[in-house]
Amino acid sequence: MRIAPDKWKHFYAGIFMGLVLQGAGWWLLPEQVLLASVLAFVVVVAVSYGFELFSKITGIGHYDFMDAVASAIGGVVGMAVILLVQYV
Numbered sequence: 032m033r034i035a036p037d038k039w040k041h042f043y044a045g046i047f048m049g050l051v052l053q054g055a056g057w058w059l060l061p062e063q064v065l066l067a068s069v070l071a072f073v074v075v076v077a078v079s080y081g082f083e084l085f086s087k088i089t090g091i092g093h094y095d096f097m098d099a100v101a102s103a104i105g106g107v108v109g110m111a112v113i114l115l116v117q118y119v
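Under the numbering used here, residues 32 to 119 are what the sequence shown spells out, in order.
Structure representation (structure tokens):
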């Protein structure tokens, strides 16, 4: 099974989003790693799906649930990178 090129764009955007949000959580809540991670994940999922929902409602762009999934998976990868840096 081949992954569509637009899914890769969403995946890479998700990585950037996860890096930024987890990094901000690390900076804002340095003693509460679990809370920062949960908040970052919730925002990653909300933004990923929210963007697709915005496309569906406004007709600007193309709605595809799998784009949101690709973004969320990328977000988790970005979050994991920050968590690895934090603990190494």
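Heads up, the beta-carbon is just placed ideally off N, CA and C, and yes, glycines get one too. Note that this is a predicted model, so its numbers are computed, not measured.
Quiz item: Relative to the alpha-carbon of P74, which residue among M32, I46 and V119 has its alpha-carbon at the smallest distance?
Solution: Residue 74 sits at position 43 when you count from the first residue of the sequence shown. In the sequence under discussion, the amino acid at residue 74 is Val, which differs from the Pro named in the question. The shortest C-alpha separation from V74 is found at I46.
Quiz item: How should D37 be labelled, buried or exposed, when 16 other C-beta atoms within 10 angstroms of its C-beta is the threshold for buried?
Solution: By one-based count along the sequence shown, residue 37 stands at place 6. Looking at its Cβ environment, which holds fewer than 16 other Cβ atoms inside 10 Å, D37 is exposed.
Exercise. Could you check if E77 is buried or exposed, using at least 16 other CB atoms within 10 Å of its CB as the buried criterion?
Key: Along the sequence shown, one-based indexing puts residue 77 at 46. It is worth fixing the name first, because residue 77 is Ala in this sequence and not Glu. Exposed: under 16 other Cβ atoms inside 10 Å.
Quiz item: Taking the C-alpha atoms as reference points, what is the distance between F72 and V64?
Solution: Within the sequence shown, the letter at position 41 stands for residue 72. Within the sequence shown, the letter at position 33 stands for residue 64. For F72 and V64, the distance between alpha carbons rounds to 12 Å.
Quiz item: In terms of residues, what are the limits of the alpha helix (DSSP H) holding V98?
Solution: Taking the first residue of the sequence shown as 1, we reach residue 98 at position 67. According to the sequence provided, residue 98 is Asp. The question's Val does not apply to it. Note, D98: alpha helix (DSSP H), F96 to Y118.
Exercise. Would you decide whether A35 is buried or exposed? Buried here means 16 or more other CB atoms lie within 10 Å of its CB.
Key: Your numbering for residue 35 matches position 4 in the sequence shown. By the 10 Å Cβ count, A35 comes out exposed.
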